[in-house]
Structures are given as structure tokens and as C-alpha cells.
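Residue numbering for the sequence shown follows the numbering used here, starting at 3 and increasing by one per position. One structure below.
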Amino acid sequence: MTKRELFQFDLPGLRAQRDAQPAAKSQSVRGARRWFDFVGGDAAKVKPRQTAVNLKRRLTVVLMILALAATALIVRAIDLQWVSKDFYLDQGDQRYVRDIKIDAPRGTIFDRNGNPLAVSTPVASIWADPSTLKEHMDRVPELAKALGLDANALAQKIMQRADKQFVYLVRRLNPDQADAILKLGIPGIDKQPEFRRFYPNGEVTAHILGKTDVDDRGSEGLELAFNESLTGKPGSKSVIRDLHGRAVENYDIDLDVAPRPGGDLTLSIDKNIQYLAYRELMGAIKDHKAAYGSIVVMDVTNGEILAMVNQPSFNPNSQNLNIPAKDLLDHMRNRAATDVVEPGSVAKAITISAALESGKWKPDSKVDTNPGTWQHYDHVVHDHRNVGLLTVTGVITHSSNVGAAKIGSTLPRDQMWDMFHRFGFGETTGSGFTGESSGNLPIAKRWGPVEQDTISYGYGFSVTPLQLARAYAAIANGGILHTPTFVKDGGDEGKRIIDKKIADQVLAMLRTVIAPDSTAPKAAVPNYFAAGKTGTSHIAHNGGYRNVYNSVFVGFVPATNPRLVAAIVISGATGTDIVQYMGGTVAAPAFSGVMQGALRLLDVPPDNVKNWYTGGPGPDPLALPKLPPEPAVDPNVVGEIETADP
């Protein structure tokens, strides 16, 4: 028997049992042997004391433990499946799921006839995960060669952004080029589908449309002005990416959001008239070695802009314009709306309008311009030659500065300022073109006698070519001024700024400018009567004037029923005498060239159309018009109108 078994017995009880046995037996066995023999021999007869087991309590404890364990599992399951579900899903998605932005194309820009002027084409940009690519720097030279980049510069770029997960390497690649780069299988390299703006007419419409930046947002021109409506709403797509960052499958098709393209825009621009204006402007600048110029063509009846061109220009489709930084602004700005000039003699039509409205002057009132100069206070006004005694109409016909200054000096300065302001000078036209200039028309109280003289013949204030076109359109439209618009059918009803009779009288005067002995016979348009006014002004520089000139012509056609108006400003024409850089020599021929094609494109019937269709001679465009007859004067009414002869 082992010690463990021995100590399981009830020792006091065994002692009592031993003492009760017969003495003979007790004496025959001595010491420890006797004790252990007893234990060994009688062990089978002794039963240990049994402790009662409480099975109910034990079962209760076990059940409680199981219940607690089950409760803990249920609580954990609820936490994972409901309470913290979004957190754990997000943590998993951050490791494997990515939302890919799906760019939406910008809306298409059309001309008035539905020809596309700006469209969005699909391209792809190559991007890298530097945290992955840095482990494969041995493949950077191969990648740089495919991208057309310097290997050292690319490696430096990757290492500088080693803690990032996204960096663009090349933007706006042809999709086929991008796919060829991805086929190299370089870890950490992927593409991003995007859109790029394409302008089918390139330089011809560059200044109107402007351009978009690298992220396809409008940055210039109408792309900027209408950026909100042209911009689409991007979509998104969830994908699962592998350890190299490559999309391997769609995550959940129900989570995809389709992109929404931007809204289309239909302009008032006529692509063909735009090209005609661009061609004529380039020819005029080249022929007269000018520096820059602008042409604006508008519809007289509603203010819609049919063409607007500038030189120099730029190609909006080129990512690298190859234009020196110092010349970039000169090439990109829309001079027709942002640059201002002193209009010169073109302003005389406004001065004469104010004179006729004052009642002090009539078309046949006389003004003496002898001897071709006039000293008023400390200022001497000059004509290019002595044209003698003129009528008010003759002041327009022969473009007399002396005549205009003498007429203007008889008018209250507030009334004269009000007339110029009514024609839209000194404020923006409201065309909506971003960056449009308001020009500068000094307030009347700053006019002295000399300032009033110079403003009368086009100096001392500044305007844009767009403002000039708008002002002359009001004369052609019977005295109704429209807000210019670049949007088809976006014209307003207009507002009357002068009486129709006055507008008709000024129109008749402007028709005489196209006569052979006037200043702009080269502005004549075959088979149509035309009207307009020349202007030649020094270019201001550093508070003074240089011997460089703005050559200006503004006119409309047909003069019998005006439809189109055009303003041409060409700056920096060179020549040894005034005839070589005056508006009638430089700008007027461009007007004739543009209008011949534009009237044909718009199917505007010629004047005296009956003879023209039957093969007979058309109207003589240089024929002098008959001025509107003066209304009969009632001898019983004392009139307030008197003819002034300063």
C-alpha cells in the first residue's frame, strides 16, 4: 500500500478497532510490523467516510458559466454586425477597396448653325503610388523612357513623395499611349481616365472660347464665363485593388454613380463669318506691318455677336504654346473686349448726335473750318487739310476735327457727357465676357473747354472695339441700344437712347463717308449701300503720344436696312505719311472684305435687288444718299431751334 493510499484511511477509527481485538493476537505481533500487517490484512474490511456531492449546485454553476459565455458571444456578434459594422467595413475597404472618380465631359459649345466649336475628347493621365514604386526603383529608367521624362528627375520625384500613395506623372495622354505604358507591368503605376478640350477651329476662335486648365476647368474666355453650366458632375466607381494597386474587380455595382455630362452651349457666333474676319484681319496687319488688331461683327437688330477676332492669337489645342513669357499676355487676351483705345474721329458721330438733339444744329447748318486750324484757349486743333466752309454733314464726310470741336464747344458739357454715356461709353457692355473693360469716360465736371474740344473729335476718353460696335449698332437700329450677347437668341429688347429721326439723320451722314472724295471709299461693299466712319488716333504712351497710330473704321450694311455692324481697330500701322496709316486706308478695306462674305452667308438681299437678279447693274455703293427731308415748319409756332454758326 502506498503512502497516498495509507493517508486516505480514517486513522482514529483504525486505532480503536485495533485496541478492541484479543490480546493474544495483539501480543504476537509487535511494533510497526504489527501495525502495517493489520492495515494490510484488514484494509478490505474498512470503508472510508464519503462526503455528500451536491449535483444541483454543480449543474447550476456550469449552466451559469455557459450562459455568460453565450451572452459574451452574442454581444460581440451584435457589436460586429450592427454597432461597429461601419467602422470595420471602412477599415477593410481602406485596405482593399478604392473609389475611382469618373470624370464627366464638359458640355459641347456650338456656333449658331450647330457646328462644334469646343468638344471634350477622352484622354488618360498616368499616376504612380510612390510607396509601392519605391520598392522597384530599378524600373524607373524604363518608365521614364516610356513617359518621355528624365530618369533622374523622375526618380527624385518618387523618392521625395515616398510616403504618398498618389502622384501624377503625365497628364492628358492619348489613351493608346497610356495603355502601352500600363502593359509594361511596373508595380504602382496606373492610369486615370479624363477628358481634354479640343477646339476644331484653333486660333480662329481662341479669344472668344478661351481654354481650360489641366483639370478641364475653364480658365479663359467663354469657357470661364460659362464654366458652371458647362462643367459636368463626376461619377464614381468602387473597385477592389490588389497589393500593386491595380483594380481587379468591381466592389459593388449598386454603389456606382454615373457621371452627368455638362450642359451644351449654343453661341451667336457664326463660324464662317468668324473665319472671314480672322482672314481679313491677318491680311490687314500683314499688309500694313501693324502690331495687333481686332474685329467685332454684330447683328444690328438684336445685339448678337457674330464674330470677334484678334491678332496676335494662340492655338488653344497646344499644351506648349511656344510663346515667350513676355509676349504670352499679348497673344492670349481678347483685345476686342479688354483693350481700350482713343477712338479718334469715330467719336464725331456721337458728338453730332448730341448737337442735333440740342436743337442748335441741323444737318445743313454751316461751320467754318478755315484755315484748317483753330486755336481755342491754349490748344490748337488741326485738320489734316483745309476743307473750308462745311455743313454739319460735311464735318462727318471730311472728318474735320476743327468742325467737330467748334460744334462740341457750343454744347453744355453735361448734355454732351450724357450723350456719350447713353451710347454705352464709360461702362461695360454687359456681354458677360470675363475681364471686359469699361473704358474711361471722365465725368463732366472734370471737362474744361480744351477737354471738351478733344472729346468732340475722339481724344481724352477710351473705349473698346466692342463698345464702338455697340454704339454704331444703335445708330443703325434707329436709336435703340442693345446689350451685346455671345448666346444665340440671347439678345434683349433694347432701349431707346436717341430719337429715331436723329439716328436716321446721322446714318445718312455716315453714308457720305463711303463717297469717292471722302475718307473711306475703300469700305464700299459691292451691290450694297454702306455707311460708317473712319478714325485715326495717336497711341498714348507714358502720359503722352507716340508717332504710332490706331487705324479705326466702324460701319454697317446695308445702309438702307442695316443688318450688320463691324468695328475694326488695327494698331501700329507704319507709313511715311498719314494716308498710309489712316483708318480709311488700313481698316476700311477689311470692313469691305468681311461684309461681302457675311452678307452672302446670311442671304441678305442686295440693294436694288430687282436689277441685280435680272442681270442689270446693282446699286452704286459710292452714290451719295439723299438726306431725310426736314419737317415743314408751322409759321404760327415760334420754334426754339436755331442754327448756330460758330
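C-beta atoms are modelled at their ideal positions from N, C-alpha and C, and glycine is treated no differently. The model shown is predicted, which means the values in this text are computed figures rather than measured ones.
Secondary-structure assignment with DSSP links Trp129 through a beta bridge to Tyr170, Asp192. Runs of the beta strand (DSSP E) spanning 3 or more residues and lying entirely within the segment 383-431 occur at 391-393, in chain order. Taken through DSSP and simplified to helix, strand or coil, Thr536 comes out as strand.
For His209, the enclosing alpha helix (DSSP H) stretches over residues 208-211. Shown here for Phe168: same chain residues with a beta carbon closer than 7 Å to its own, the five before and five after excluded, namely Trp129, Asp131 in chain order.
Annotated three-state conformation of His333 is helix, per DSSP. Contact holds between the segment 450-469 and the segment 420-434, because three or more Cβ pairs, one in each stretch, are under 8 Å apart.
Residue environment: Glu306 is assigned as buried (16 or more neighbouring CB atoms within 10 Å of its CB, all protein chains considered).
CA-to-CA, the gap between Phe422 and Thr353 works out to about 8 Å.
Annotation: the continuous beta strand (DSSP E) that includes Ser296 extends over 294-301. The residues His378, Pro451, Gln454, Asp455, Ser458, Pro648, in chain order, have a CB closer than 8 Å to that of Ser411 in the same chain once the five nearest residues on each side in sequence are set aside. Burial of Ala406 is indicated by the presence of at least 16 other C-beta atoms within 10 angstroms of its C-beta. Under the three-state reduction of DSSP output, Met584 falls in the coil class, being neither helix nor strand. In the structure shown, the three-state DSSP call for Gln313 is strand.
Only residues of its own chain outside the window of five on either side were considered, and among them Val142 have a CB closer than 6 Å to the CB of Ala157, listed in chain order. Under DSSP, Phe112 takes part in a beta bridge, and its partners are Pro118, Thr268.
Counting only residues of its own chain and dropping the five nearest sequence neighbours on each side, Ala309 has a CB closer than 6 Å to the CB of Ile275, Gln276, Ala279, Val299. Non-local C-beta neighbours of Tyr170 in its own chain, meaning closer than 7 Å and more than five positions away in sequence, comprise Ser127, Trp129, ordered along the chain. Look at Arg199 here: in three-state DSSP terms it is strand. If you check the CB distance, Ala533 and Ala561 come in under 8 Å.
With a cut-off of 8 Å on Cβ pairs, the segment 205-213 is not in contact with the segment 411-420, counting fewer than three such pairs.
In the DSSP assignment, the residues bridged to Leu483 are Lys497. DSSP places Ala155 in the uninterrupted alpha helix (DSSP H) bounded by 153-162.
Going by beta carbons, Val596 and Ala568 fall inside the 8 Å limit. Between Asn552 and Ile580, the alpha-carbon positions lie close to 11 Å from each other.
When secondary structure is reduced to three states using DSSP, His290 falls in the coil class, being assigned neither helix nor strand. The C-beta distance from Asp491 to Thr485 rounds to 13 Å, too long to fall under 8 Å, and the pair is not in contact. For Gly574, the uninterrupted beta strand (DSSP E) run begins and ends at 566-575, by DSSP. Per the coordinates, the alpha-carbon of His209 lies some 12 Å from the alpha-carbon of Ser221. Contact annotation: Ile104 and Gly237 have beta-carbon atoms nearer than 8 Å.
For Gln507, the uninterrupted alpha helix (DSSP H) segment begins and ends at 502-513.
Between Ile482 and the set Leu119, Thr303, Ala525, the nearest pair of CA atoms involves Thr303.
Inter-segment contact for the segment 69-77 and the segment 225-236 is absent: fewer than three beta-carbon pairs are separated by less than 8 Å. In this structure His384 is exposed. Its beta-carbon is surrounded by fewer than 16 other beta-carbon atoms within 10 angstroms. Three or more Cβ pairs closer than 8 Å define a contact, and the segment 360-369 meets that threshold against the segment 389-399. In the DSSP assignment, the residues bridged to Asp370 are Leu391.
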